[in-house]
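Numbering (the numbering used here), first residue to last: 108 to 430.
Built from N, CA and C at the ideal position, the CB exists for glycine as well.
Treat the numbers as computed from the prediction; the structure is a model and nothing was measured.
Following: one structure in structure tokens, then a few remarks.
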């Protein structure tokens, strides 16, 4: 137990214009039953009262950095990674809530599984008022995932950590050379987790340790993010497809009906929102991955199905990954 207490944690909070929720987010970190941590906060040139709210907290574990020029979400986190001194680094968001046992559970998990490159935990989703909008339910994801399993579950469910606030890196194992690609708008986290999974075991903590807040002002809710998700997501899923050990004859079907159909839907949203230039670019990108006519017909078939029929068919296709 003494060894566990000696493990220091760095909590990295990157924020821009977060005055509405950041106080409750910081309070949840400071209320942890595990005390040996540093809370590094980088304000990405906020134009609201975020800095004033942060400065109301008087705790020696808090280190505040103010950026004079916006670094972007992933650039801001990279800045914090360069400052972190903890063996375990836990990413955090200004609008989420940590349960009191969050850090202690993560530290214990990494102590018991000392070979991990990273871990992620589970949690409920809440709205602007803090009410639960989606309660997490166990989906069968194993405790430890090698590259093959990580790829299968990522292709089935998307980015395994639903939020960056659920992820911890073990820098004792992976070193200090893993950073986000700053040019990414949305999938910088998915890309980094995948890069780590290519070299290290990933751990999954099935306990609910966080509440993740969804609200309309988030970047992932912007219209243009649909195009970014396609541009950034396809190369990542192509990498994942290389690591799954399934019959080669099944891979085109899996790719079309699990992965590309998701991105096709994103592109169609661009059409509905009259973002025609992005729509055309998205169609061209998808046409490099598959026959666009067959992909369109698959999309039509899926749209004609009821929700239950769609989910049943999807389970049938994804089950091929686990046979």
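DSSP three-state assignment for residue i, whether helix, strand or coil
{"i": "residue 370", "result": "helix"}
{"i": "residue 199", "result": "strand"}
{"i": "residue 308", "result": "strand"}
{"i": "residue 144", "result": "strand"}
{"i": "residue 408", "result": "helix"}
{"i": "residue 99", "result": "Lying before the first or after the last residue shown, residue 99 is absent from the chain, which here runs from 108 to 430."}
{"i": "residue 224", "result": "strand"}
{"i": "residue 427", "result": "helix"}
Reference residue i, options the options, closest by Cα
{"i": "residue 354", "options": "410, 380 and 428", "result": "428"}
{"i": "residue 149", "options": "167, 132, 173 and 217", "result": "173"}
{"i": "residue 273", "options": "254, 346, 284 and 195", "result": "195"}
{"i": "residue 283", "options": "393, 115 and 193", "result": "193"}
{"i": "residue 377", "options": "229, 389, 314 and 215", "result": "389"}
{"i": "residue 221", "options": "396, 114 and 379", "result": "114"}
{"i": "residue 140", "options": "121, 119 and 206", "result": "206"}
{"i": "residue 380", "options": "332, 422, 398 and 369", "result": "332"}
{"i": "residue 350", "options": "254, 402, 311 and 336", "result": "254"}
{"i": "residue 279", "options": "225, 137 and 119", "result": "225"}
{"i": "residue 387", "options": "132, 186, 338 and 211", "result": "338"}
{"i": "residue 397", "options": "414, 341, 423 and 419", "result": "341"}
{"i": "residue 175", "options": "421, 154 and 375", "result": "154"}
Residue range of the alpha helix (DSSP H) that includes residue i
{"i": "residue 296", "result": "295-304"}
{"i": "residue 240", "result": "Note, residue 240: premise wrong, no alpha helix (DSSP H); beta strand (DSSP E) at 239-241."}
{"i": "residue 154", "result": "Segment: none, residue 154 is in no alpha helix (DSSP H) and carries neither H nor E."}
{"i": "residue 383", "result": "383-394"}
{"i": "residue 136", "result": "129-137"}
Residue i - containing beta strand (DSSP E), residue span
{"i": "residue 170", "result": "169-173"}
{"i": "residue 52", "result": "Nothing about residue 52 can be read from this structure; the chain reaches only from 108 to 430."}
{"i": "residue 277", "result": "274-277"}
{"i": "residue 337", "result": "No beta strand (DSSP E) contains residue 337, which is instead part of the alpha helix (DSSP H) from 332-350."}
Opposing strand residues paired with residue i [DSSP bridges]
{"i": "residue 230", "result": "317"}
### Inter-stretch contact at 8 Å, needing at least 3 Cβ pairs: the region 177-193 / the region 286-299
yes
### Task
Assess, as a yes-or-no matter, whether the region 127-147 is touched by the region 247-259 under the definition of 3 or more beta carbon pairs within less than 8 Å.
no
### Message
Would the region 243-255 count as touching the region 196-206 if we require 3 or more Cβ pairs under 8 Å?
### Response
no
#### Entry: Stretch-stretch touch, CB-based, cutoff 8 Å, three pairs: the region 228-239 with the region 293-309
no
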